[in-house]
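Trainee: 1028 is the number of the first residue of the sequence shown in my numbering; add one for each residue after it.
Ideal placement from N, C-alpha and C gives every residue a C-beta, glycine not left out.
Since the model is a prediction, treat every value here as computed from it, not as a measurement.
Take this structure first; my questions come after.
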Amino acid sequence: MAARGRGTGERGRVQAGDALPLPIRQTNLIFSALFAASLAYLMRRWREKIRNSTPLHVVGLTEIFAICGLVASLVYLLSFFGVVFAQSVVSNSDDEEEEDFLIASKAAPPQQCALLQSAGAAPEKMPEEDEEIVSGVVAGKIPSYVLETRLGDCRRAAGIRREALRRITGREIDGLPLDGFDYASILGQCCEMPVGYVQLPVGVAGPLVLDGRRLYVPMATTEGCLIASTNRGCKAIAESGGASSVVYRDGMTRAPVARFPSARRAAELKCLLENPANFDTLSVVFNRSSRFARLQGIKCAMAGRNLYMRFTCSTGDAMGMNMVSKGVQNVLDYLQNDFPDMDVVSISGNFCSDKKSAAVNWIEGRGKSVICEAVIREEVIQKVLKTNVQSLVELNVIKNLAGSAVAGALGGFNAHASNIVTAIFIATGQDPAQNVESSQCITMLEAINDGRDLHISVTMPSIEVGTVGGGTQLASQSACLDLLGVKGANMDSPRSNARLLSAVVAGAVLAGELSLISAQAAGHLVQSHMKYNRSNKDVPKIAC
1028 MAARGRGTGE
1038 RGRVQAGDAL
1048 PLPIRQTNLI
1058 FSALFAASLA
1068 YLMRRWREKI
1078 RNSTPLHVVG
1088 LTEIFAICGL
1098 VASLVYLLSF
1108 FGVVFAQSVV
1118 SNSDDEEEED
1128 FLIASKAAPP
1138 QQCALLQSAG
1148 AAPEKMPEED
1158 EEIVSGVVAG
1168 KIPSYVLETR
1178 LGDCRRAAGI
1188 RREALRRITG
1198 REIDGLPLDG
1208 FDYASILGQC
1218 CEMPVGYVQL
1228 PVGVAGPLVL
1238 DGRRLYVPMA
1248 TTEGCLIAST
1258 NRGCKAIAES
1268 GGASSVVYRD
1278 GMTRAPVARF
1288 PSARRAAELK
1298 CLLENPANFD
1308 TLSVVFNRSS
1318 RFARLQGIKC
1328 AMAGRNLYMR
1338 FTCSTGDAMG
1348 MNMVSKGVQN
1358 VLDYLQNDFP
1368 DMDVVSISGN
1378 FCSDKKSAAV
1388 NWIEGRGKSV
1398 ICEAVIREEV
1408 IQKVLKTNVQ
1418 SLVELNVIKN
1428 LAGSAVAGAL
1438 GGFNAHASNI
1448 VTAIFIATGQ
1458 DPAQNVESSQ
1468 CITMLEAIND
1478 GRDLHISVTM
1488 PSIEVGTVGG
1498 GTQLASQSAC
1508 LDLLGVKGAN
1518 MDSPRSNARL
1528 LSAVVAGAVL
1538 AGELSLISAQ
1548 AAGHLVQSHM
1558 KYNRSNKDVP
1568 KIAC
């Protein structure tokens, strides 16, 4: 069929080497002669005018006829020979495309990358150079962590590391994608020794009406019902007029620990650091580390001759752990002059407290301390949440307050704040491990307006988020931040993007708490999870 198509096309074209019909040849000769005669006559006339100093633009009737003949013959000749030339070029291009198509149609289907094929398949031969590197990694002669630096190609390094892992473990990881990710974007900041990436679905809950804004909240999770439930809470809040929030404290902390020869000596430094008269001097030293870091305060604790110094500072739109650590190091270096006997044991002494549930964060706060509240109308509770105010208030006291106290909870006086916090953290590139302290939350429900309406609030003293740095710069996470309108740093109002993100987290937690408590009060929790959070996939059928 391709050959027939090419033949048909060739019959319709005038080829440069073909013999032209007689009438066409005669016409070509006439116009060629007219072109030559007109050009010769005009050249002779223009030469005479130049000699006689006659203006060239002054022309007679004969010259006008000559110019018209020249233009007409030129147009004809260009159109004829131009078409022939264009057809020859198009013919060659079409032939090449057809040949490429024929070659492609006969070729075998695309083969899987040699580094990803299973042992049972017949893989394409790996490039000799890569084979040597894989063998070196397997034998322990080449450290896996140096591949990116030595090869200068992050994707190739990940593929080689992955193949070496397959040979060492004998395990196939075909379900873990390798291609389709920018490995250079994580080099030196997000992940070491990558062999692929995990795909995680992202859904949206909303609109969340918060402080007059209509926001759609991205949540990355594999837990069915979570987003649907949060979305229902958003609907109830929106139909009741929306929620409001306040960020009442904003400061990241770092607490180094230093050991002294005696407890008395440690107490001397404690007094110096907590003395308001020394704050300005220490601030100057601390603030040199960054144009955004600003020291807010220092609180100390002692255990024997060990001194724990908890520094708190503002960090702009960054989450700020690195920023505050650099400022703390500046202060420690400065103090070493007056306290040469100070032995800094660690830049972090766990009095910060990072990625651990701690009373100091619950009481003093860490990151952003946020309260989000809303008044839910009685008719919305009945129509959307399928319950009533009295049942919600009673359940919250018995479950979230008394039940958590019985369990000895520390900042866990809520239904499932961690669910929402973690899903938003993963979607927006936050540190997922910081959900430990960021999920500390107390949920309060009160009947108001003579028991007809419900006042609900969540108080979260330690939401640790940022909109710059870390995982926030990755493409997917950056897109989720952009969806919320908080991508990157806010140059006009530093800190405002991170503060808004913390308010969104609290607002989404408010919606999630409202919906889950309502489902439990109405007895709908089990039914909804059986419907949305159950899968028969990979579950073997057991014969009775």
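By alpha-carbon positions, which one of Met1279, Ala1263, Thr1499 ends up nearest to serine 1545?
Mentor: Within the sequence shown, the letter at position 518 stands for residue 1545. The shortest Cα separation from serine 1545 among Met1279, Ala1263, Thr1499 belongs to Ala1263.
Trainee: DSSP three-state call for proline 1221: helix, strand or coil?
Mentor: Mapped onto the sequence shown, residue 1221 falls at position 194. The answer is coil: DSSP assigns proline 1221 none of H, G, I, E or B.
Trainee: Please classify leucine 1227 as buried or exposed, where buried requires at least 16 neighbouring CB atoms within 10 angstroms.
Mentor: Position 200 of the sequence shown, counting from 1, holds the residue named residue 1227. Per the 10 Å Cβ criterion, exposed.
Trainee: Name, in chain order, the residues that DSSP records as bridge partners for methionine 1487.
Mentor: As a first step, residue 1487 must be located in the sequence shown, where it is residue number 460. DSSP output for methionine 1487 lists Val1397 as bridge partner(s).
Trainee: Tell me where the alpha helix (DSSP H) around tyrosine 1361 begins and ends.
Mentor: The residue labelled residue 1361 in the question sits at position 334 within the sequence shown. It spans 1348-1362 - the alpha helix (DSSP H) in which tyrosine 1361 sits, taken as one unbroken run.
Trainee: Roughly how many angstroms separate the alpha carbons of valine 1284 and glutamate 1301, rounded to a whole number?
Mentor: To locate residue 1284, count along the sequence shown from 1; it is residue 257. To locate residue 1301, count along the sequence shown from 1; it is residue 274. Taking the straight line from one Cα to the other gives about 15 Å.
Trainee: Can you find the residues in the same chain that come closer than 6 Å, C-beta to C-beta, to valine 1420, ignoring five residues on each side of it along the sequence?
Mentor: The residue labelled residue 1420 in the question sits at position 393 within the sequence shown. So the qualifying residues of the chain are Leu1472, Ala1474.
Trainee: So the alpha helix (DSSP H) cysteine 1507 belongs to, where does it begin and stop?
Mentor: Translated into the one-based positions of the sequence shown, residue 1507 becomes position 480. 1502-1511 is the extent of the alpha helix (DSSP H) around cysteine 1507.
Trainee: In the DSSP output, which residue or residues are listed as bridge partners for arginine 1281?
Mentor: By one-based count along the sequence shown, residue 1281 stands at place 254. Arginine 1281 is bridged to Phe1338.
Trainee: List the DSSP bridge partners of proline 1245.
Mentor: Taking the first residue of the sequence shown as 1, we reach residue 1245 at position 218. Proline 1245 pairs with Val1231.
Trainee: Is the CB-CB distance between leucine 1027 and alanine 1548 below 8 Å?
Mentor: Residue 1027 falls outside the range modelled here, since the chain spans only 1028 to 1571, and no answer is possible.
Trainee: Residues in its own chain within less than 8 Å of leucine 1527 by CB, not counting five upstream and five downstream?
Mentor: Your numbering for residue 1527 matches position 500 in the sequence shown. If we look at leucine 1527 and ignore the five residues flanking it on each side, its Cβ neighbours are Leu1511, Gly1512, Val1513.
Trainee: Alanine 1185 lies in the alpha helix (DSSP H); which residues open and close that run?
Mentor: Position 158 of the sequence shown, counted from the first residue, corresponds to residue 1185. Its alpha helix (DSSP H) spans residues 1181-1196.
Trainee: Between the Cα of valine 1531 and those of Val1402, His1443, Val1397, spot the shortest distance and give me the residue it belongs to.
Mentor: Here the question's residue 1531 lines up with position 504 in the sequence shown. Answer by Cα proximity: Val1397.
Trainee: Using the rule of at least 16 other Cβ atoms within 10 Å of the residue's Cβ for burial, across every protein chain shown, is leucine 1105 buried or exposed?
Mentor: Here residue 1105 refers to the residue found at position 78 when the sequence shown is read from its first residue. Leucine 1105 should be labelled exposed.
Trainee: For isoleucine 1390, count neighbouring C-beta atoms within 10 Å of its own C-beta (all shown protein chains included) and say buried if the count is 16 or more, exposed if not.
Mentor: Counted from its first residue, the sequence shown places residue 1390 at position 363. Exposed.
Trainee: Could you check the C-alpha separation between serine 1380 and isoleucine 1160 for me, to the nearest Å?
Mentor: The residue labelled residue 1380 in the question sits at position 353 within the sequence shown. The residue labelled residue 1160 in the question sits at position 133 within the sequence shown. The straight-line gap from Cα to Cα measures roughly 43 Å.
Trainee: So, for alanine 1290: in the same chain, excluding its five sequence neighbours on each side, which residues have a beta-carbon less than 8 Å away from its beta-carbon?
Mentor: Numbered from its first residue, the sequence shown carries residue 1290 at position 263. So the list reads Met1329, Gly1331, Arg1332, once near-sequence residues are dropped.
Trainee: Express the C-alpha separation of valine 1164 and alanine 1385 in angstroms, rounding to a whole number.
Mentor: As a working mapping, residue 1385 is identified with position 358 in the sequence shown. As a working mapping, residue 1164 is identified with position 137 in the sequence shown. Answer to the nearest angstrom: the Cα atoms are 42 Å apart.
Trainee: Determine the extent of the beta strand (DSSP E) in which threonine 1470 is found, giving its start and end residues.
Mentor: Taking the sequence shown and counting its residues from 1, the one referred to as residue 1470 is at position 443. Threonine 1470 -> beta strand (DSSP E) spans 1468-1475.
Trainee: Hey, alanine 1525 and glycine 1493: beta-carbon distance below 8 Å or not?
Mentor: In the sequence shown, residue 1525 corresponds to position 498, counting from 1. In the sequence shown, residue 1493 corresponds to position 466, counting from 1. Against a cut-off of 8 Å, the Cβ pair of glycine 1493 and alanine 1525 comes out as a contact.
Trainee: How many whole angstroms separate the CB atoms of alanine 1573 and isoleucine 1490, which I take to be in contact at a CB cut-off of 8 Å?
Mentor: Outside the shown range of the chain, which is 1028 to 1571, sits residue 1573, and nothing can be said about it.
Trainee: What residue does the beta strand (DSSP E) around alanine 1330 start on, and which one ends it?
Mentor: Residue 1330 sits at position 303 when you count from the first residue of the sequence shown. 1321-1330 is the extent of the beta strand (DSSP E) around alanine 1330.
Trainee: Given 8 Å as the limit, is there contact between the segment 1493-1510 and the segment 1404-1421, that is, 3 or more CB pairs closer than that?
Mentor: Contact between the segment 1493-1510 and the segment 1404-1421 is absent, because fewer than three Cβ pairs lie under 8 Å.
Trainee: Applying the 10 Å Cβ sphere with the 16-neighbour rule, what's the burial state of serine 1272?
Mentor: Here residue 1272 refers to the residue found at position 245 when the sequence shown is read from its first residue. Buried.
Trainee: When you compare the segment 1292-1300 with the segment 1223-1241, are there three or more beta-carbon pairs, one atom per stretch, that lie closer than 8 Å?
Mentor: These segments do not touch.
Trainee: Give the DSSP-derived three-state secondary structure of leucine 1174 in the structure shown.
Mentor: For the purposes of this step, residue 1174 is taken as the residue at position 147 of the sequence shown. Three-state DSSP puts leucine 1174 in a helix.
Trainee: Which whole-angstrom value describes the C-beta separation of alanine 1022 and valine 1229, a residue pair presumed to lie in contact below a C-beta threshold of 8 Å?
Mentor: There is no way to answer for residue 1022, as the model of the chain reaches only from 1028 to 1571.
Trainee: For leucine 1088 and serine 1065, which I take to be in contact (beta-carbon distance under 8 Å), what is that distance rounded to the nearest angstrom?
Mentor: The sequence position of residue 1088 within the sequence shown is 61, counting from 1. The sequence position of residue 1065 within the sequence shown is 38, counting from 1. Going by Cβ atoms, the distance from leucine 1088 to serine 1065 rounds to 14 Å, so no, they are not a contact pair.
Trainee: Please name the residue or residues paired with glycine 1478 in a DSSP beta bridge.
Mentor: Counting from 1 along the sequence shown, the entry for residue 1478 is found at position 451. Its beta-bridge partners do not exist; DSSP assigns none.
Trainee: Within its chain, find whatever has a CB closer than 6 Å to the CB of asparagine 1446; leave out the 5 residues flanking it on each side and keep chain order.
Mentor: Your numbering for residue 1446 matches position 419 in the sequence shown. So the qualifying residues of the chain are Leu1253.
Trainee: How many Å lie between histidine 1551 and glycine 1496 at the Cα?
Mentor: For the purposes of this step, residue 1551 is taken as the residue at position 524 of the sequence shown. For the purposes of this step, residue 1496 is taken as the residue at position 469 of the sequence shown. Each residue's alpha carbon lies about 41 Å from the other.
Trainee: So, using beta-carbon positions, are lysine 1353 and serine 1316 closer together than 8 Å?
Mentor: As a first step, residue 1353 must be located in the sequence shown, where it is residue number 326. As a first step, residue 1316 must be located in the sequence shown, where it is residue number 289. Yes.
Trainee: Taking only three categories from DSSP, how would you classify histidine 1551?
Mentor: Position 524 of the sequence shown, counted from the start, is the residue given in the question as residue 1551. If DSSP states are grouped into helix, strand and coil, histidine 1551 belongs with coil.
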